[in-house]
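Student: Here's a structure for you.
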Amino acid sequence: MLPGRNFVYYFSRFRNASFREIAYRCRQILLVKRLRRRFNSKQPILSVPDLERSLLESLDVPDFTIEINDDLLKSISDGMIFSLSGDEREIARFEASSRGKFFYDIHNPESLDIRKVWESARLQHIAILLIASEQGGSGIDSDHLKYCAKEKLLDWIENNPFLAGPHYMSAMECGLRIPVFFYGLKILDNLTPAESDVFSRAIYEHAWWISRRLSLYSSLGNHTVCECIGLLFAGAIFSNTREGKSWLSEGRKLLERECHHQILEDGGPAEQSFSYHRFVLDLYWLATSFLQKNALYDCSAWKKRIAKGEYFLASFTNSSGRILSVGDSDNGHAVGPCVHPVKRVKNSEKSRRVLFENSGYTVIRFGDDAELTFDHGPLGMPPLYNHGHADALSITLSVRGRRILVDPGTYRYNGVHQWRKYFKGTRAHNTVSIDGLDQAVQATGFIWTRPYKAALKRIEESGNNIILEAVHDGYMRLSNRTEHTRRIHLFGESQILIVDSFSGRGVHDFELNYHLHPECALNKQDGWWVVLRENVIVYVRMIEDADFILNFGQEDPPFCWYSPEYGIKEKSAALSCRKRGRASEVSFTTAISVDKHIPINSYLEQIFLLG
1196 MLPGRNFVYY FSRFRNASFR EIAYRCRQIL LVKRLRRRFN SKQPILSVPD LERSLLESLD
1256 VPDFTIEIND DLLKSISDGM IFSLSGDERE IARFEASSRG KFFYDIHNPE SLDIRKVWES
1316 ARLQHIAILL IASEQGGSGI DSDHLKYCAK EKLLDWIENN PFLAGPHYMS AMECGLRIPV
1376 FFYGLKILDN LTPAESDVFS RAIYEHAWWI SRRLSLYSSL GNHTVCECIG LLFAGAIFSN
1436 TREGKSWLSE GRKLLERECH HQILEDGGPA EQSFSYHRFV LDLYWLATSF LQKNALYDCS
1496 AWKKRIAKGE YFLASFTNSS GRILSVGDSD NGHAVGPCVH PVKRVKNSEK SRRVLFENSG
1556 YTVIRFGDDA ELTFDHGPLG MPPLYNHGHA DALSITLSVR GRRILVDPGT YRYNGVHQWR
1616 KYFKGTRAHN TVSIDGLDQA VQATGFIWTR PYKAALKRIE ESGNNIILEA VHDGYMRLSN
1676 RTEHTRRIHL FGESQILIVD SFSGRGVHDF ELNYHLHPEC ALNKQDGWWV VLRENVIVYV
1736 RMIEDADFIL NFGQEDPPFC WYSPEYGIKE KSAALSCRKR GRASEVSFTT AISVDKHIPI
1796 NSYLEQIFLL G
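So the sequence shown is numbered by my numbering: it starts at 1196 and just counts up by one.
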């Protein structure tokens, strides 16, 4: 059984599968069983055709932008790998214990995060050496970089023969490796014929495996895009063969279809993850550069859709250049952390208010470089909603490039069930949870059931005033059905009024949370919670008899934590207010002011405008 996959996982997948998908999965299982028999009896798994050298020579490497210093290149040359803050010794021990085993027979320890194991096997540290050696400009001799890259690539292939070890569990990971093997074939000018054959064989084997393990049906998502990237590169290299032609055609067709599936009409992500959106867009830029430079396909139509995606992400990039964290993030890169495919888009001016109706977000800029975001979109990509978080009606606030009210991030995918559950859950976001429950039901670490619907009901703008109103039905699944409405009013220079109200039946426990960046300091002053971070000051208070309680970094159950990047978590503070009562009789009214606060009566006057 593969990592993170138990009875609940398979049952949830089966419930959402069509007959065609079930048949597809059954064929995959039968294939794995046949391959296992061949593997264990040491029979050849497939025949690999010879590489046509003239065909390889006719292909160009995609265009890249690179921002790498010599210290990083030296560290990689000396053995550094990318491990997502993982314990490299634990990863090495696991790889050593798995070496030579058929991938499907490997059982990883419960505490191990397989995503961290896979990171170094994307070989992106080697891609950096290859691309840096090709582009020049480094103080390190390019021949030395090429030598290190060649040795590392050959060593990886030798230690990870086809279908042996953990790095063949995911076809997505195979798809990300194929371009690196291609860069090796193209950039390394000192390969012997035998070494070239090693690389070309690895490409063919990886693509053959991907073509039979594509993420289709309910598994469509960023995995599919990664796999198609591998098929494009391998298909072009082996386009003189029947398999190669099929890979190139299948990869292109799937990418074309997914371009309009995963990038919504307004440019937003169907997966409701901004980090994966950046990842997917970069993969598309990589594909378009490779296809067009080699006259394999006209990607003009793709580029229009990708440009919408770039506009979307630019709208959520603050003045410090950081993209807002929404949904899952595993710090994945299309090429490497300091190397990116060239993006050919025009810079656009940022409007004061931007509504993304399809993906369900509104961004408002106000005051002195302040940005408020409001999430009124769906849970994620149906039917499994893998990378979405239960964050309906959540807000974030940044001022002068400093995050103040924050999304919690992701932390880890595997081996830490309670932490995974927390970071995806409603209590970790700047919204209201009811009865301690999430707005949807977490079936597994990657599958949601009972998804909610959220909708923007009202948007008005007059002068400096903006009113937003949205609703979600995530708690209508309860026996005492309850609906949550949030109204946001921006007025004056930098004042925000937020009213959370509810309708429905029965008595419930309501909890409103505002999570603060770990670098924020807090104190109480004249009824206001004063939030300080460097040159930013924000005032927060309740406008009623209730008040916020300050919480900080609790472990059991997890509460008030922030993950700045995958594999890392930090204690943080949250302002929380809890109430118990009938839905129609409970509300929360929050006043927020940036830089300076105004008399409370000014907020009371604005309440009537919200209706």
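Backbone N, C-alpha and C fix where the C-beta goes; we use that ideal spot for every residue, glycine too.
Measure from the alpha carbon of I1424 to the alpha carbon of each residue in F1234, L1348, E1346, P1536, then state which is nearest.
Tutor: Sequence index remark: in the sequence shown, residue 1424 carries index 229 (1-based). Taking only the C-alpha atoms, the option nearest I1424 is P1536.
Student: Give the single residue among D1461, A1397, V1733, E1314 whose Cα lies nearest to the Cα of A1549.
Tutor: As a first step, residue 1549 must be located in the sequence shown, where it is residue number 354. The sequence shown places Val at residue 1549, not Ala. Nearest C-alpha to V1549: D1461.
Student: CA-CA distance, I1795 and I1738?
Tutor: Reading the sequence shown from its first residue, position 600 is the one you call residue 1795. Reading the sequence shown from its first residue, position 543 is the one you call residue 1738. If you take the alpha carbons of I1795 and I1738, they lie about 8 Å apart.
Student: Using three-state DSSP, classify A1316 as helix, strand or coil.
Tutor: Locating residue 1316 in the sequence shown gives position 121, where the first residue counts as 1. Coil.
Student: Could you tell me how far apart the beta carbons of F1511 and I1518 are, in whole angstroms, since I believe they sit closer than 8 Å?
Tutor: Sequence index remark: in the sequence shown, residue 1511 carries index 316 (1-based). Sequence index remark: in the sequence shown, residue 1518 carries index 323 (1-based). Yes, F1511 and I1518 are in contact; Cβ-Cβ is about 6 Å, under 8 Å.
Student: In the structure shown, what three-state DSSP assignment does Y1205 receive?
Tutor: In the sequence shown, counting from the first residue as 1, residue 1205 sits at position 10. Here Y1205 sits in helix by DSSP.
Student: So, do the region 1344–1353 and the region 1409–1426 have three or more beta carbon pairs nearer to each other than 8 Å?
Tutor: Verdict: no, contact absent.
Student: Tell me whether Q1818 sits in a helix, a strand or coil according to DSSP, three-state version.
Tutor: This structure leaves residue 1818 out entirely; the chain is present only between 1196 and 1806.
Student: Out of curiosity, what's the CA-to-CA distance linking G1669 and H1679?
Tutor: For the purposes of this step, residue 1669 is taken as the residue at position 474 of the sequence shown. For the purposes of this step, residue 1679 is taken as the residue at position 484 of the sequence shown. C-alpha separation (whole angstroms): 8 Å.
Student: Relative to the alpha-carbon of H1684, which residue among E1655, H1712, S1293 has its alpha-carbon at the smallest distance?
Tutor: Residue mapping note: residue 1684 aligns to position 489 of the sequence shown, counting from 1. When only C-alpha atoms are compared, the closest one is E1655.
Student: Could you give the DSSP three-state label for D1300: helix, strand or coil?
Tutor: For the purposes of this step, residue 1300 is taken as the residue at position 105 of the sequence shown. Looking at D1300 - three-state DSSP - the assignment turns out to be helix.
Student: Quick one: what's got a C-beta closer than 6 Å to R1777's C-beta in the same chain, skipping five residues either side?
Tutor: Residue numbering aside, residue 1777 sits at position 582 when the sequence shown is read from its first letter. Taken in chain order, the residues that qualify are V1702.
Student: Tell me which same chain residues have a C-beta within less than 6 Å of the C-beta of R1233, skipping the five on either side of it?
Tutor: Here residue 1233 refers to the residue found at position 38 when the sequence shown is read from its first residue. Only I1240 meet the Cβ criterion.
Student: Check N1796 in the structure and name its three-state DSSP category.
Tutor: Residue mapping note: residue 1796 aligns to position 601 of the sequence shown, counting from 1. N1796: helix per DSSP, three-state reduction.
Student: For the candidate residues K1719, R1773, S1788, G1604, whose alpha-carbon lies nearest to that of I1693?
Tutor: Along the sequence shown, one-based indexing puts residue 1693 at 498. Taking only the C-alpha atoms, the option nearest I1693 is S1788.
Student: Give me the residue from I1691, N1675, L1673 with the minimum Cα distance to N1660.
Tutor: Start at 1 with the first residue of the sequence shown, and residue 1660 comes out as number 465. It is I1691.
Student: Is F1433 near P1244, with beta carbons less than 9 Å apart?
Tutor: Along the sequence shown, one-based indexing puts residue 1433 at 238. Along the sequence shown, one-based indexing puts residue 1244 at 49. Yes, the Cβ-Cβ distance between F1433 and P1244 is below 9 Å.
Student: When DSSP labels each residue in this structure, what does R1310 get in the three-state scheme?
Tutor: As a position in the sequence shown, residue 1310 is number 115, starting the count at 1. Helix.
Student: Whose CA, out of I1599, Q1637, I1629, lies closest to the CA of W1614?
Tutor: Walking along the sequence shown from the start, residue 1614 turns up at place 419. Checking every option, the nearest Cα to that of W1614 belongs to Q1637.
Student: What's the gap between the Cα of G1555 and the Cα of Q1467?
Tutor: Taking the first residue of the sequence shown as position 1, residue 1555 is located at position 360. Taking the first residue of the sequence shown as position 1, residue 1467 is located at position 272. Their backbone Cα atoms lie some 9 Å apart in a straight line.
Student: Can you tell which of S1333, I1326, A1496, G1334 has the C-alpha that lies nearest to the C-alpha of K1345?
Tutor: What you label residue 1345 is simply residue 150 of the sequence shown in a count that begins at 1. Minimum Cα distance to K1345 is reached at I1326.
Student: Using 8 Å as the cut-off, can you tell me whether the region 1377–1397 makes contact with the region 1303–1316, which would need three or more C-beta pairs spanning the two stretches below that distance?
Tutor: No: the two stretches stay apart, fewer than three of their Cβ pairs being nearer than 8 Å.
Student: Curious, which full-length alpha helix (DSSP H) runs of at least 4 residues does the region 1436–1460 contain?
Tutor: 1437–1457, all fully within the region 1436–1460.
Student: How about T1785 and L1707: do their beta carbons lie closer than 9 Å?
Tutor: Stepping through the sequence shown from its first residue, residue 1785 is reached at position 590. Stepping through the sequence shown from its first residue, residue 1707 is reached at position 512. Their beta carbons are under 9 Å apart, which means T1785 touches L1707 by this criterion.
Student: Strictly by DSSP, which residues pair up with W1756?
Tutor: As a first step, residue 1756 is located in the sequence shown; it is residue number 561 there, counting from the start. W1756 pairs with K1766.
Student: Got a sec, what are the start and stop residues for the alpha helix (DSSP H) G1631 sits in?
Tutor: Position 436 of the sequence shown, counting from 1, holds the residue named residue 1631. First-last for G1631: undefined, no H or E at that position.
Student: Below 8 Å, can you find three or more Cβ-Cβ pairs linking the region 1637–1650 to the region 1759–1771?
Tutor: No: the two stretches stay apart, fewer than three of their Cβ pairs being nearer than 8 Å.
Student: With DSSP as the reference, label D1570 as helix, strand or coil.
Tutor: Locating residue 1570 in the sequence shown gives position 375, counting from the first residue. Of the three classes helix, strand and coil, the one that applies to D1570 here is strand, per DSSP.
Student: Less than 8 Å between the CB atoms is what I'm expecting for K1381 and V1256, so what's the real figure, rounded?
Tutor: In the sequence shown, counting from the first residue as 1, residue 1381 sits at position 186. In the sequence shown, counting from the first residue as 1, residue 1256 sits at position 61. About 5 Å; that satisfies the 8 Å criterion.
Student: Could you check if Y1205 is buried or exposed, using at least 16 other CB atoms within 10 Å of its CB as the buried criterion?
Tutor: The sequence position of residue 1205 within the sequence shown is 10, counting from 1. The residue in question, Y1205, is exposed, as its Cβ has fewer than 16 Cβ neighbours within 10 Å.
Student: With a 10 Å radius around its C-beta and 16 neighbouring C-beta atoms as the bar for buried, classify F1209 as buried or exposed.
Tutor: Counting from one through the sequence shown, the residue named residue 1209 turns up at place 14. Counting Cβ neighbours within 10 Å, F1209 comes out exposed, since fewer than 16 surround it.
Student: Rounded to the nearest angstrom, how far is the Cβ of E1451 from that of M1367, given a contact under 8 Å?
Tutor: Along the sequence shown, one-based indexing puts residue 1451 at 256. Along the sequence shown, one-based indexing puts residue 1367 at 172. With a Cβ gap of about 19 Å, E1451 and M1367 do not count as contacting.
Student: From S1689 to N1542, what does the alpha carbon distance come to, in whole angstroms?
Tutor: As a working mapping, residue 1689 is identified with position 494 in the sequence shown. As a working mapping, residue 1542 is identified with position 347 in the sequence shown. Computed Cα separation, rounded: 27 Å.
Student: Please check the pair Q1487 and V1475, which I expect to be a contact at CB under 8 Å, by giving their CB distance rounded to whole angstroms.
Tutor: For the purposes of this step, residue 1487 is identified with residue 292 of the sequence shown, where counting begins at 1. For the purposes of this step, residue 1475 is identified with residue 280 of the sequence shown, where counting begins at 1. Contact doesn't hold; Cβ gap of about 18 Å is too wide.
Student: Give me the Cα-Cα distance between D1273 and R1547, rounded to the nearest whole angstrom.
Tutor: For the purposes of this step, residue 1273 is taken as the residue at position 78 of the sequence shown. For the purposes of this step, residue 1547 is taken as the residue at position 352 of the sequence shown. Cα to Cα, the separation comes out at about 48 Å.
Student: Sort out for me which residues DSSP pairs W1723 with in a bridge.
Tutor: For this step, residue 1723 is matched to residue 528 along the sequence shown. Answer by DSSP bridge pairing, in chain order: Q1720.
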